[in-house]
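Only one structure is covered here, and it is reproduced in the block below.
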Amino acid sequence: MERVDEDVRDIGALLADETTQQILIETTTEPMSADELSDACDVSPQTVYRRLEDLIEYDMITEELELDDDGHHYKVYTATLDRVVIALTSDGFTLTLSLRERMAARFTQFVDEVRDR
1 MERVDEDVRD IGALLADETT QQILIETTTE PMSADELSDA CDVSPQTVYR
51 RLEDLIEYDM ITEELELDDD GHHYKVYTAT LDRVVIALTS DGFTLTLSLR
101 ERMAARFTQF VDEVRDR
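Quick note: the sequence shown, position 35, residue 35 per full-length UniProt numbering, numbers continuous.
Below, the structure is given as structure tokens:
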């Protein structure tokens, strides 16, 4: 009898993908654009966008808008995934994602807390 939650299966498949792994590794230390990720991972931009869409769905990556020197806007992506824990229980597998909080999010939370006092 197979009892695996659909999210466990989907996230497991996503994280097993080599391109997904490379995107997460590349964006762990600094934000990168989809074009930069395409070059770094040696895959098409379409492949990068598909993986980013899935990673964003599970909050493993965040996207932010950047402004270049010419005044054009583009998105950059930063990994927020810190740890994945898969546990076997009597009900099946559970999966827990630990996410890193970005400094900007922590600062915003701090300002909100100070303002609410």
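C-beta: ideal position from N, C-alpha, C; glycine also.
- Runs of alpha helix (DSSP H) with 4 or more residues, each lying fully within the segment 9 to 56, are found at 18 to 26, 34 to 41, listed in chain order.
- Linking E66 to Y49 through their CA atoms gives a straight-line distance of about 17 Å.
- Scanning its chain for C-beta atoms nearer than 8 Å, with the 5 sequence neighbours on each side dropped, one finds around D5 the residues G92, F93, T94, L95, in chain order.
- A direct Cα-to-Cα measurement between V8 and L15 gives close to 10 Å.
- Between Y74 and S33, the C-beta gap is smaller than 8 Å, which places the two residues in contact.
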